[in-house]
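A quick write-up on the structure given underneath.
Written as structure tokens, this is what we have:
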């Protein structure tokens with residue numbers, strides 16, 4: 007059985023910040039989506055996030071060209087996306103090293119790559135991948151953050167992560183270190199699954215129960231993405247927010 011995918015994305019600066027340093031891409035036909043959340047302040051984060059998205063897009067074009075000869079296997083698509091992220095990391099770290107006084111340009115990245123019946127995810131930072139399956143919402147990715155490390159060590163509880171003073175401090179990012187380590191997961195998919203890629207501007211403002219309720223009630227990806235954004239903007243929305251909703255259907 008071959009699956010097909012539909013998606014919709016929304017991105018907004020939020021109610022406080024003037025600049026949106028998030029970026030995203032969705033290449034439905036090639037089965038590649040990503041979210042990047044810029045960091046570094048001013049325009050530095052926007053530059054980093056946009057660079058990552060553009061370089062993944064270039065990698066996707068290569069996948070498309072090769073597909074005319076032979077459809078790309080999932081592992082080959084993952085390899086292309088990984089290489090694009092590492093190339094972006096090299097450019098960002100080199101520019102920071104070579105230009106004296108330049109701001110560190112970095113960003114999170116979370117990329118989803120789909121095959122015929124499965125998907126893979128690579129990421130660094132605290133952008134997240136969720137799965138909605140049979141009325142349950144599951145966080146698949148694990149944050150690379152200070153609060154996640156404290157949580158893993160049992161030093162804080164889940165409730166404390168929402169208000170901890172270091173809740174926005176991440177431990178991995180594109181552009182932060184010449185040797186970038188990407189995490190990886192793979193998952194078999196079934197029809198009616200819904201995947202959600204998002205920056206921390208979503209889950210910092212609304213909880214998993216509300217995310218689940220919105221996605222369950224939505225008739226399609228476009229409605230789901232719009233209502234998630236509306237829910238965030240109805241609150242403080244102190245950060246940029248990006249969501250990408252992907253529906254899995256029988257081909």
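In this note's numbering, the protein residues as written are 7 to 257.
Built from N, CA and C at the ideal position, the CB exists for glycine as well.
The structure displayed is predicted, hence computed values, not measured ones.
Straight-line gap, residue i to residue j (C-alpha atoms, nearest Å)
{"i": "residue 134", "j": "residue 40", "result": "10 Å"}
{"i": "residue 117", "j": "residue 172", "result": "25 Å"}
{"i": "residue 20", "j": "residue 239", "result": "6 Å"}
{"i": "residue 56", "j": "residue 29", "result": "6 Å"}
{"i": "residue 48", "j": "residue 211", "result": "Low confidence applies to residue 48: its pLDDT is 49, below 50, so where it sits in the model is not reliable, and the reading given next is rough at best. Distance between the alpha carbons of residue 48 and residue 211: 22 Å."}
{"i": "residue 121", "j": "residue 213", "result": "30 Å"}
{"i": "residue 106", "j": "residue 235", "result": "Confidence in residue 106 is poor, its pLDDT being 47 and thus under 50, which makes the residue's placement unreliable; the coordinate value appears in the next sentence. Roughly 39 Å between the two C-alpha positions."}
{"i": "residue 185", "j": "residue 111", "result": "15 Å"}
{"i": "residue 182", "j": "residue 44", "result": "11 Å"}
{"i": "residue 115", "j": "residue 25", "result": "18 Å"}
{"i": "residue 18", "j": "residue 248", "result": "6 Å"}
{"i": "residue 62", "j": "residue 98", "result": "15 Å"}
{"i": "residue 12", "j": "residue 224", "result": "14 Å"}
{"i": "residue 7", "j": "residue 156", "result": "42 Å"}
{"i": "residue 174", "j": "residue 36", "result": "32 Å"}
{"i": "residue 139", "j": "residue 100", "result": "42 Å"}
{"i": "residue 165", "j": "residue 93", "result": "37 Å"}
{"i": "residue 89", "j": "residue 231", "result": "29 Å"}
{"i": "residue 84", "j": "residue 148", "result": "19 Å"}
{"i": "residue 204", "j": "residue 222", "result": "17 Å"}
Residue i beta carbon near the ligand MN (any heavy atom closer than 8 Å)
{"i": "residue 51", "result": "For the structure depicted, the ligand MN is absent and the ligand set is empty, with no information on it obtainable."}
Residue i, enclosing beta strand (DSSP E) - first and last residue
{"i": "residue 13", "result": "9 to 18"}
{"i": "residue 256", "result": "247 to 256"}
{"i": "residue 119", "result": "115 to 120"}
{"i": "residue 230", "result": "That residue, residue 230, is in no beta strand (DSSP E); its alpha helix (DSSP H) goes 227 to 239."}
{"i": "residue 44", "result": "38 to 45"}
{"i": "residue 208", "result": "From DSSP, residue 208 is part of no beta strand (DSSP E) but of the alpha helix (DSSP H) over 206 to 209."}
{"i": "residue 145", "result": "142 to 145"}
{"i": "residue 189", "result": "189 to 194"}
{"i": "residue 199", "result": "Per DSSP, residue 199 belongs to no beta strand (DSSP E) and is neither H nor E."}
{"i": "residue 32", "result": "28 to 33"}
{"i": "residue 130", "result": "124 to 130"}
{"i": "residue 135", "result": "134 to 139"}
Whole-angstrom C-beta distance between residue j and residue i, which should lie under 8 Å
{"i": "residue 176", "j": "residue 132", "result": "5 Å"}
{"i": "residue 246", "j": "residue 60", "result": "That belief does not hold up - the Cβ atoms of residue 246 and residue 60 are roughly 18 Å apart, past 8 Å."}
{"i": "residue 243", "j": "residue 220", "result": "Not really, about 15 Å apart at Cβ, beyond 8 Å."}
{"i": "residue 167", "j": "residue 180", "result": "Not a contact, Cβ separation roughly 23 Å."}
{"i": "residue 87", "j": "residue 38", "result": "6 Å"}
{"i": "residue 42", "j": "residue 22", "result": "Incorrect: roughly 20 Å between the Cβ atoms, too far for contact."}
{"i": "residue 123", "j": "residue 218", "result": "Not a contact, Cβ separation roughly 24 Å."}
Residue span of the alpha helix (DSSP H) that contains residue i, given as start and end
{"i": "residue 160", "result": "Counting along the chain, residue 160 falls outside any alpha helix (DSSP H), and DSSP gives it neither H nor E."}
{"i": "residue 223", "result": "214 to 223"}
Spatially closest choice to residue i from the options, by CA coordinates
{"i": "residue 198", "options": "166, 205, 241 and 252", "result": "252"}
{"i": "residue 233", "options": "181, 14, 112 and 167", "result": "14"}
{"i": "residue 187", "options": "229, 96 and 24", "result": "96"}
{"i": "residue 250", "options": "10, 34 and 23", "result": "34"}
{"i": "residue 169", "options": "43, 113, 209 and 98", "result": "209"}
{"i": "residue 228", "options": "8, 16, 10 and 7", "result": "16"}
{"i": "residue 113", "options": "89, 51, 8 and 84", "result": "51"}
{"i": "residue 119", "options": "140, 178, 31 and 150", "result": "31"}
{"i": "residue 206", "options": "136, 189 and 94", "result": "136"}
{"i": "residue 150", "options": "230, 178 and 217", "result": "178"}
{"i": "residue 241", "options": "148, 84 and 216", "result": "216"}
Interface flag, residue i vs chain D, CB-CB below 9 Å
{"i": "residue 78", "result": "Of the chains in the structure shown, none is chain D; there is only one protein chain."}
At least 3 beta-carbon pairs within less than 8 Å: the region 153 to 161 vs the region 80 to 97:
no
Any 3 or more C-beta pairs closer than 8 Å across the region 62 to 70 and the region 143 to 152:
no
I want to know whether the region 199 to 207 touches the region 241 to 256 - three or more CB-CB distances under 8 Å.
yes
Touching or not, the region 111 to 128 and the region 188 to 196, by the rule of three or more beta carbon pairs under 8 Å?
yes
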